[in-house]
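In the working numbering, the protein residues as written are 673 to 923. Single-structure report; data block below.
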């Protein structure tokens, strides 16, 4: 029952419906990513997952690539798969990355030589987009921005209704997160997320880190964040569900 309450609360988050209701890239990516999660949770055929990934690739190629990478990590982590099959899949994926690396870089408008200096410069250019005051990337940003990105923006003193609703929503999300993570210890968290749900965790991190490091504009954050909210909600629900089951077993 309590898990259902959590699901209902999450489902009625305004931003999920606002940004996924229009006809545009965000709605298409959100729709097919959600279908992928449904197919994965219900252990459906990988053929349908592949079709969804191909559709996403036509709209936002980098999202499709990151989903594929998350599936690869999941495949390599599963003990049922033989070492031979894991090596074949890894070599094939590596061959694709090496062969089409320039094409993949062009998809994100990275036209310079691929080295550390140019990567930092590219990130800083992205961070300055739609910003009056540019904030260059530093060591502190790398560690704390992915953590706070989920709960940005929180600005209650604003004339923008959209920003105000998003801020209230983020406060609720922060409180829910603190409550749920306080109910599970690190060992159980590791077993639940890394051992059993590595795909959702990898996808969540692979999308969260680049978005948090390259996006500073609040309008873009609110719009793009729906790509990571669904896997985060799934992980929260699984954690809380595990806590409830363990509590029932002890009683």
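Think of the CB as a built atom: it goes at the ideal place given N, C-alpha and C, for glycine as much as any other residue.
Judged by beta-carbon spacing, residue 896 lies beyond the 9 Å limit of residue 907, meaning their Cβ atoms are not closer than that value.
Judged by DSSP in its simplified three-state form, residue 743 adopts helix. Straight across, the Cα-Cα distance linking residue 730 with residue 743 is about 19 Å. Taking 9 Å as the cut-off, the beta carbon of residue 713 is found no closer than this to the beta carbon of residue 721. The beta-carbon distance between residue 784 and residue 686, rounded to whole angstroms, is 39 Å. This is too long to meet the 8 Å contact definition. Comparing alpha-carbon positions, the option among 827, 824, 789 lying closest to residue 810 turns out to be 789. When secondary structure is reduced to three states using DSSP, residue 786 falls in the coil class, being assigned neither helix nor strand.
Per DSSP, the continuous alpha helix (DSSP H) segment holding residue 895 begins and ends at 890-896. Closest in alpha carbon position to residue 770, among 786, 757, 755, is 786. Remark: C-beta atoms of residue 745 and residue 871 approach each other more closely than 9 Å.
Fewer than three Cβ pairs drawn from the stretch 750-759 and the stretch 725-740 lie within less than 8 Å of each other, which leaves the two stretches out of contact. No Cβ-Cβ contact shorter than 9 Å links residue 887 with residue 879. Only exposed fits residue 693, as fewer than 16 other CB atoms lie within 10 angstroms of its CB. Apart from sequence neighbours up to five positions away, no residue of its chain approaches residue 922 with a beta-carbon distance below 7 Å. Going by C-alpha positions, residue 881 is about 6 Å away from residue 818.
Approximately 10 Å separates the beta-carbon atoms of residue 825 and residue 834; this is outside 8 Å, ruling out the contact. Residue 777 and residue 812 have their C-alpha atoms roughly 26 Å apart.
Taken through DSSP and simplified to helix, strand or coil, residue 733 comes out as helix.
Around the beta carbon of residue 839, a 10 Å sphere encloses 16 or more other beta carbons of the protein chains shown; the residue is thus reported as buried.
In the assembly as shown, residue 873 is a buried residue. Its beta-carbon has 16 or more other beta-carbons within 10 Å. Within the same chain, and ignoring the five residues on either side of residue 691 in sequence, the residues whose Cβ sits closer than 8 Å to its Cβ are 698, 699, 702, 894, 895, 898. In this structure, the beta-carbon distance from residue 864 to residue 910 falls below 9 Å. In the three-state scheme derived from DSSP, where H, G and I count as helix and E and B as strand, residue 766 is classed as helix. With fewer than 16 neighbouring CB atoms inside 10 Å of its own CB, residue 918 falls in the exposed class.
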